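Everything on this sheet refers to the single structure shown next.
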Amino acid sequence: MIRNDNKQTTVVECEQLTKVYRKLLAGRSKDVCALQSISLSVAEGQIVGLIGPNGAGKSTLLNLMAGLIFPTEGRVSVCGHPARSIKARSGLGYMPEHPAFLGRYSAWATLRYHGALLGLSRHAISTQIDKLTEQLQMDEYIDRPCSDFSQGMKQRLALAIALMNDPRFLLLDEPSNGLDPIGIIQLRDLLKKLRDKGTSIVISSHRLGELEKLTNDYIFLYRGQVVSFGDKIAAGHLGRLRVELVSNGNQIAKKLLPPAKLISSTETELVIAVGDDDEVPDIVSSLAKGDARITSVLLQREDIEDVFLRLYNERN
Amino acid sequence: MRAYELMKETFFRKMYIYIVHLSWFAVYGLFFVLLEPEEEDFYQILLFWGGFILPLALSAGIFGDDISSGRVCILATKPFWLGELYIYRILGLSVQAAVHFILAGCLLLIIHLFTGIGNIEDLGSWLFSCWLLFNAWAALSTSLSVVVKRAYNFIFLLAAVLFFFFLNGILGWMSPDDTMTKVIDAFVKYVCPPFEMLTKMAKGEYAKYSLIVGKYSAIKAIACVTHTFVLTVFYGILGVLVLSRRQFTCSQE
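In order, the protein sequences belong to chains A and B.
Take the first sequence: its position 22, counted from the start at 1, is 22 in our numbering, and no numbers get skipped.
Take the second sequence: its position 216, counted from the start at 1, is 216 in our numbering, and no numbers get skipped.
Set out below in structure tokens:
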């Protein structure tokens, strides 16, 4: 649930958020509306997947939440404070898609530098560095200069920087970019632990399979607008029931199934849209009573990739 | 801790910063030896090279590099006033320059002691003027770096200085009594970093004024230092204001 209607503490709240980029092209002003009247809230301990095609406005939304850009209209509050304020930033951890560091600094020096920017004491910085080095398995390259780092190492270091202040709200832009399979699993486990401790996390990612393992809460953005929230995505289609028959598939479908439910039919196979688990026994029993000689039944649940494609295709 | 890290970063951020310091020392030494009979020429070169070109070299891309690499996005989400980022970086540059000019003074002193070349009587006042001019140019260059990407602040300022230098020269030659010429001349003298004023102060040309200490006028020296300081703060405030209101995007270029 992205719209946080229950009693949980709201960590992030966006109200009627609109962002228009004004660009001067060949002397003429050309406005690009990146986000249009978006309202949403994220609760404590919630992981939200931000999905959508390229140019949908995901990065703009993340940048607004991080306070890096100003909204044209509307407002964003983080931990109860306006997004760019110092109080909001004290509870925020941010990991950009392409993290960059001072090439001559080692990972350790980089973490110390960011710890100092956070205002941590020397002792607190050392403690945090030791903890994060262990959690993110950075021991091997903690003393190497960042200029030698692979993409995966940079991602881990950027995540460590984002976690230096034990944030209440974590913004991650494509966090699994360049990570090896072990790294992806470790990242997933770490994010789950953080969620369990009450950290709210918004992840923008094109790796839908990975997101699905972390959350059921999504925001689908398309051309600057929220097309669907997690609950609506789930309510759309649960999945497809694939029923194999000996014969007479078309005739049985016509006789027993409402057209809205029937996705496709042949003489030996029916594909039926299912909205709820409870529908499955009823459908199968009505087919059996209607003299359908069923050889197999397979329920294919719609995963987030299917949802993404469905929502995308509906709009194209 | 924050102040220390941000000041230290100005020295460690690029490999070429070591090279700049070392090569500048070589230039000072070379010109000191080559221009021995005319010490004043040497000191003007010192002021130009150390007070103008050095700050441009050290502050090149000081914010622009962060903006074009996307590093600024991590910095700008940290919980502190963004003006601190500017203030401590400019202080870092100023401390670097102070150490640089002390070392340069030592170097020239050693050359003088071992070879007897040059006149080091006014060295202290020239080096002090260099440091003041450095701070003013560094503040201007750093402020410009907040709005331009990469190290273009160096090129922009160099181009602007050349433009005003030639414009002022041409106007002064063609119509010296014209109001526009006087306005541009006053702008270059009093709004731009005060190269001419500091040159006169270091030379002791203000000695005719009150409260004379040696060959220098204390009142005029205080006025020059205050003027340069006010300009430095003014350039700095512009940078801080822009930095606090600037939007940042995280795309790498």
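Using N, Cα and C, we set each Cβ at its ideal position, and we do this for glycine too.
Here the structure is a predicted model, which means the values were calculated and not measured.
Asked                                                                                                                               : Found
Ser228/A in three-state terms, based on DSSP                                                                                        : strand
Terminal residues of the beta strand (DSSP E) in which Ile272/A lies                                                                : 269-274
Pairwise C-alpha distance: Ser145/B and Ala60/B                                                                                     : 7 Å
Within chain A, partners of Cys130/B - CB distance below 7 Å                                                                        : Correct list: empty, because the minimum Cβ distance to chain A is about 27 Å.
The segment 72-79 of chain B contacting the segment 86-93 of chain A, beta-carbon criterion three pairs below 8 Å                   : yes
Chain-ordered residues of the segment 70-84 of chain A with a beta carbon less than 8 Å from chain B                                : Phe70
Reference Ile219/A, options Val202/A, Lys213/A, Asp180/A, Leu111/A, closest by Cα                                                   : Val202/A
Beta-carbon proximity list for Arg84/A, same chain, < 6 Å, skipping 5 on both sides                                                 : Gly67
Nearest residue (CA-CA) to Leu191/A, options Ala56/A, Gln128/A, Gln135/A, Asp143/A                                                  : Gln135/A
Three-state class that DSSP yields for Lys30/A in the structure shown                                                               : strand
Residues, ordered as in the chain, of the segment 72-84 of chain B that lie near chain A by beta-carbon distance below 8 Å          : Cys73, Ile74, Leu75, Ala76, Thr77, Lys78, Pro79, Phe80, Trp81
Buried or exposed by the 16-neighbour rule on C-beta atoms within 10 Å, applied to Tyr28/B                                          : buried
Extent of the continuous alpha helix (DSSP H) to which Ser141/B belongs                                                             : 123-147
Opposing strand residues paired with Ser85/A [DSSP bridges]                                                                         : In DSSP, Ser85/A forms no bridge with anything.
Alpha helix (DSSP H) segments (min. 4 residues) lying fully within the segment 84-141 of chain A                                    : 86-90, 107-117, 122-135
Thr226/B and Leu198/B closer than 8 Å at C-beta                                                                                     : no
Nearest-angstrom beta carbon gap, Gly64/B and Tyr152/B [assumed within contact, 8 Å]                                                : 6 Å
Interface partners of Glu279/A on chain B, CB under 8 Å                                                                             : By Cβ distance, chain B contributes nothing, its closest Cβ being about 45 Å from Glu279/A, past 8 Å.
Contacts of Gly70/B in chain A (Cβ-Cβ under 9 Å)                                                                                    : Pro96, Glu97, His98, Pro99, Ala100
Closer than 8 Å to chain B by CB, Leu159/A                                                                                          : no
Contacts around Ser150/A, its chain only, beta-carbon distance under 8 Å, and the 5 residues preceding and following it disregarded : Gly178
Val246/A (DSSP reduced to helix, strand or coil)                                                                                    : coil
Inter-stretch contact (C-beta, 8 Å, three-pair minimum) for the segment 124-142 of chain A and the segment 101-111 of chain B       : no
Backbone secondary structure at Asp319/A - three-state DSSP                                                                         : Because chain A is modelled from 1 through 316, residue 319/A falls outside the range shown and cannot be assessed.
Segment contact, 8 Å Cβ cut-off, at least three pairs: the segment 123-141 of chain B with the segment 231-238 of chain B           : yes
C-beta neighbour in chain B for Ile203/A, strict 8 Å                                                                                : no
Cutoff 8 Å: Met180/B Cβ touching any chain A Cβ                                                                                     : no
CB contact flag (Gln247/B, Ile69/A, <8 Å)                                                                                           : yes
For Gln247/B, the three-state DSSP class (helix, strand or coil)                                                                    : coil
Cutoff 8 Å: Arg89/B Cβ touching any chain A Cβ                                                                                      : no
Whole-angstrom C-beta distance between Phe163/B and Gly51/B, which should lie under 8 Å                                             : That pair is no contact at about 19 Å.
Within chain A, partners of Met15/B - CB distance below 8 Å                                                                         : Arg104
Leu221/A - containing alpha helix (DSSP H), residue span                                                                            : Here Leu221/A belongs to no alpha helix (DSSP H); instead the beta strand (DSSP E) covers 218-222.
Minimum Cβ-Cβ distance from Lys19/A to chain B less than 8 Å                                                                        : no
Limits of the beta strand (DSSP E) - the one that Leu257/A falls within                                                             : Looking at the DSSP string, Leu257/A is not in any beta strand (DSSP E), and its letter there is neither H nor E.
Local conformation of Glu73/A per DSSP, three classes                                                                               : strand
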